[in-house]
Every structure is written in structure tokens, then in C-alpha cells.
Amino acid sequence: MRDASGALWKLAHTKTPIGLVIYSDYEQRNELITELELLAPSGIQVLRATTLDEARPHPRALVLLTPPDEGATVLELDGRREQFVDRQVPLLLFLLRGGEGLRVLADAPGLASWLNGSEVEPERLQNIDGAAEIKTFIERTGKSPEAWLAAYEAGEISETFENILLTHRARLLGGTP
Amino acid sequence: MREKGTWEARDTAIRKGFEELGAKRLHHGNELRVRLKMLADRGFCAGQAVGWLTQQNRDGRASAFVFSANADGQAGGHPALQLNNLKSLDEGALLTVVVVVDQRTTRVVSFSIGIQGKGRATQVPWYARVDFTDARAGQGPCGHPLLHCHVGQNPDATGEPEVRVPHAWMKPAEVLDWLLATVDPSLEP
Chain X
41 MRDASGALWK
51 LAHTKTPIGL
61 VIYSDYEQRN
71 ELITELELLA
81 PSGIQVLRAT
91 TLDEARPHPR
101 ALVLLTPPDE
111 GATVLELDGR
121 REQFVDRQVP
131 LLLFLLRGGE
141 GLRVLADAPG
151 LASWLNGSEV
161 EPERLQNIDG
171 AAEIKTFIER
181 TGKSPEAWLA
191 AYEAGEISET
201 FENILLTHRA
211 RLLGGTP
Chain C
46 MREKGTWEAR
56 DTAIRKGFEE
66 LGAKRLHHGN
76 ELRVRLKMLA
86 DRGFCAGQAV
96 GWLTQQNRDG
106 RASAFVFSAN
116 ADGQAGGHPA
126 LQLNNLKSLD
136 EGALLTVVVV
146 VDQRTTRVVS
156 FSIGIQGKGR
166 ATQVPWYARV
176 DFTDARAGQG
186 PCGHPLLHCH
196 VGQNPDATGE
206 PEVRVPHAWM
216 KPAEVLDWLL
226 ATVDPSLEP
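So the sequence lines, in the order shown, correspond to chains X and C. Here the first sequence is numbered in the numbering used here, starting from 41 and rising by one per residue. Here the second sequence is numbered in the numbering used here, starting from 46 and rising by one per residue.
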């Protein structure tokens with residue numbers, strides 16, 4: 041199973057100077073910032089910043105960089121890479137999926153290559169393969185998620201630990217919540 | 046006349062609680078991670094615990110917060126978090142978490158949060174698990190309240206009777222608070 045939080049945890053604990061977090065909307069970005077503040081190594085300062093100049097004096101802090109102009113910041117970072125190579129704790133740059141920052145990054149092969157392997161797109165990792173998961177559910181229980189839920193709601197399924205976990209799985213895989 | 050209406054009113058209050066909660070757009074995963082970080086910082090679990098609680102999304106409709114396969118415990122073959130240094134449970138107690146929410150609104154759809162282990166002094170198996178589903182199941186609201194707790198020795202038992210202790214409405218993170226304070230008074234919020 042792919043694991044977004046595990047990938048973010050590794051990114052926050054890596055020695056890589058700069059990492060990339062790709063978000064899908066501003067609400068998700070805020071949630072990811074909170075999550076990364078919780079995932080940060082114990083005893084490490086976490087700093088929210090919007091410019092590279094704010095981040096520069098803090099090589100031992102986990103910097104969460106959310107620039108208002110992502111494209112301009114990627115260009116600036118491409119030109120100032122050498123100022124950030126000695127970071128002890130990563131600077132994590134947040135870029136919007138499909139946004140200007142990623143478009144500019146695609147035209148900056150040096151920087152893109154430098155970031156290769158240090159990028160996480162949580163939403164892509166969080167999405168499960170619904171069809172495959174339903175197939176697995178049916179093979180395991182002999183019922184579709186909807187049929188399982190109907191049997192549960194009719195009181196036909198005892199609430200053992202295993203069965204209640206399957207019920208929640210059915211909720212995830214079934215129709216509209 | 047037995048007072049069925051009283052029990053229906055309790056379920057109605059619970060429904061009101063989770064519907065009001067659903068309007069607040071809470072990130073239940075991060076609320077749980079705050080508790081996991083506190084547990085890790087105080088030495089009750091591994092430091093990686095916060096990163097082991099992961100999110101699974103289904104087609105933009107529903108999300109589940111569960112421990113990933115990387116977590117350091119297994120309960121009935123499912124990923125769980127090992128808890129240590131608890132006052133009332135022996136080392137290696139297991140925390141299990143499943144929270145299903147509407148991905149669009151963050152409204153809670155269902156959850157189960159439980160702890161199982163052995164009494165530190167007695168070595169007797171013990172478990173408690175709080176279950177919530179937003180749909181009525183089985184018996185009526187007295188025998189099967191929407192939010193209830195199973196307590197006993199074997200979480201896999203199918204024995205009779207099935208006991209469901211009614212709870213007032215609590216959101217998932219508050220359920221975790223309650224369970225933790227039950228197994229160690231120093232974890233009282």
C-alpha cells in the first residue's frame with residue numbers, strides 16, 4: 041500500500057537540503073503544513089516561510105516554504121542553489137499541482153535533477169485503486185461492500201474486531217458516504 | 046410502556062453531534078496525530094508513530110485514516126501501534142485506529158478506535174473499542190447505540206451477549222483521549 045504520511049515523514053527526516061511537496065489546493069496545503077509540523081524530528085525547529093531570504097539563515101530548521109509567487113521562487117532558487125546546499129535539515133518547497141511553479145521547474149533541468157527523488161505528492165499516494173480493493177474485499181468476504189453493509193445494518197454480522205474493520209472498509213469502498 | 050423514545054433521543058443527540066462536527070471541516074487525521082506525537086514525545090510509543098497514521102482516499106468520496114503496514118504492531122493481522130509504559134497495561138499493548146470520513150466535507154462516517162493488551166498486574170487480557178457508524182445497525186438504539194464501546198477480554202469473541210456500552214458523542218480524537226486516560230491516568234487531557 042502506498043503511504044503518503046510515511047513518504048512525508050521520510051522527507052522531513054532526510055539530510056537532503058531541499059525537498060518538494062506537491063499539493064492540490066490551498067486547503068490541502070494547510071493540512072500538509074500541520075501534518076509536517078507534527079512529523080518533524082523531535083527538537084528540530086519548524087519554520088514557516090514565504091521567501092528564500094527568510095529561510096536562508098535557518099539551515100538547522102525544517103523550513104516549510106509557501107511562496108506567493110511559486111514560479112518566481114523556483115527561478116530564484118535555481119539561481120541561488122549554492123546558498124542552500126549545506127542545509128542540515130530540509131527546506132520543503134510547496135508547489136501547486138498544475139501550477140506555475142511546476143511549469144517553471146520543468147524548464148530548469150538542473151534544479152529539477154537536484155530535486156529528483158526528494159519530491160512527494162501526497163494526494164497521488166493517498167488514492168487507492170478502488171476496483172482492485174473492491175475485488176479483494178469480495179474475495180475475502182464473499183460479499184460486495186454494499187451487501188456487507190446491508191447485512192451489518194440488518195444485525196446479521198457480529199461485531200468482532202475483524203468484522204468491524206471490514207465494515208469500515210466497506211464504508212470506504214461502498215457508495216456515497 | 047418501555048421508554049424507547051429516550052434511547053432514540055440519545056441517538057438523535059449523537060447524530061446532531063457528528064453533523065455539527067461535520068460542518069467544522071476538521072482534519073481528523075491531524076487531530077489524531079497530535080495525540081500520537083504526545084505519546085511519542087512522552088515515551089509511550091515509537092517516534093515514527095505520527096508518520097504511521099496514513100490516509101487512504103477513494104475516488105474523492107471517502108477517506109480512511111489507518112495505521113500503515115509499517116506500524117510496529119499487529120492486532121488480528123491488522124496494523125496497530127505498540128504502546129508501552131502504560132500504568133495499567135503491560136508492554137506491547139496495541140492501539141488500533143480506523144476513521145472513515147466524507148472526503149469532501151470531512152464529516153465522520155464511521156470509526157473504531159481501540160486498545161488491547163494485558164493488565165500489568167493481573168496479566169489478564171483486556172480490550173476496549175469504541176465504534177461509531179452513522180447508520181442504525183441491528184438492534185434498536187438501546188441495544189445498539191450509534192456510538193458505543195465494547196469492553197472485555199477477547200476482541201474476536203462472538204460470544205453472547207454482545208455488550209455495547211452507550212457513549213455520549215465524542216469525536217475520534219476525544220475517543221482516543223478517553224481510551225488513553227482509561228489505561229493511564231497520567232494521560233488525562
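Every residue gets a Cβ at the ideal spot worked out from N, C-alpha and C, and that includes glycine. None of these values were measured; they are calculated from a predicted model.
Test item: CB-CB of Tyr63(X) and Phe134(X) under 7 Å: yes
Asp65(X), buried or exposed, once every other Cβ within 10 Å from all chains shown has been counted against 16: exposed
Exposed unless 16 or more other CB atoms sit within 10 angstroms - verdict on Thr99(C): buried
Alpha helix (DSSP H) runs contained entirely in the region 44-104 of chain X, provided each spans 4 or more residues: 44-53, 66-79, 92-95
First through last residue of the beta strand (DSSP E) which encompasses Phe124(X): Careful: Phe124(X) lies outside any beta strand (DSSP E) and carries neither H nor E.
Under 7 Å by beta carbon: chain C residues contacting Ile204(X): Ser157, Asp176
CB contact check: Thr56(X) to chain C, cutoff 7 Å: No - not a single Cβ of chain C is within 7 Å of the one on Thr56(X).
Element boundaries [alpha helix (DSSP H), containing Leu165(X)]: Its alpha helix (DSSP H) spans residues 162-166.
Given 8 Å, three or more beta-carbon pairs between the region 204-213 of chain X and the region 167-186 of chain X: yes
Distance, Ser155(C) Cα to Met83(C) Cα: 24 Å
Buried versus exposed, by CB contacts within 10 Å (16 or more), Arg103(C): buried
Cβ-Cβ separation, Pro107(X) to Thr56(X) (assumed contact under 8 Å), whole Å: At roughly 19 Å, the Cβ-Cβ gap does not stay under 8 Å, so Thr56(X) and Pro107(X) are not in contact.
Residue nearest to Pro27(X) in terms of C-alpha spacing, selected from Glu140(X), Asp169(X), Gln123(X): The requested residue 27(X) does not occur in the structure, where chain X is confined to residues 41 to 217.
Asn129(C) Cβ short of 6 Å to the ligand NAP heavy atom set: The ligand NAP is not part of the structure shown, which contains no ligands of any sort.
Helix, strand or coil at Ile197(X) according to DSSP, with G and I counted as helix: coil
Assigned secondary structure, Lys183(X) (DSSP; H/G/I helix, E/B strand, else coil): It is coil, neither helix nor strand.
Whole-number beta carbon distance between Ile58(X) and Ser153(X), since they are thought to touch under 8 Å: At roughly 12 Å, the Cβ-Cβ gap does not stay under 8 Å, so Ser153(X) and Ile58(X) are not in contact.
Backbone secondary structure at Ala112(X) - three-state DSSP: helix
Whole-angstrom distance between Leu48(X) and Cys90(C), CA atom to CA atom: 19 Å
Residue-level contact to chain C via CB, Arg69(X), 7 Å cutoff: no
Residues of its chain near Asp201(C), where Cβ-Cβ distance is below 7 Å and the 5 sequence neighbours each way are ignored: Gly121
Contacts around Asn199(C), its chain only, beta-carbon distance under 7 Å, and the 5 residues preceding and following it disregarded: Pro170
Counterpart residues of Val144(X) in DSSP-defined beta bridges: Paired residues: none, contrary to the question.
Ile160(C) versus Ile59(C) - alpha carbon distance: Going by the C-alpha atoms only, they are around 23 Å apart.
C-beta contact flag for Leu140(C) and Asp229(C) at 7 Å: no
Chain-ordered neighbours of Pro200(C) on chain X, where CB pairs are closer than 8 Å: Thr200, Phe201
Within-7 Å CB hit, Val154(C) to chain X: yes
Cα-Cα separation, Glu116(X) to Ala94(C): The C-alpha of Glu116(X) lies about 36 Å from the C-alpha of Ala94(C).
Presumed contact (8 Å Cβ cut-off) between Gln128(X) and Ala44(X), rounded CB distance: Not quite, the Cβ-Cβ distance comes to about 25 Å (not below 8 Å), so this is no contact.
Cβ of Gln101(C) within 7 Å of any chain X Cβ: yes
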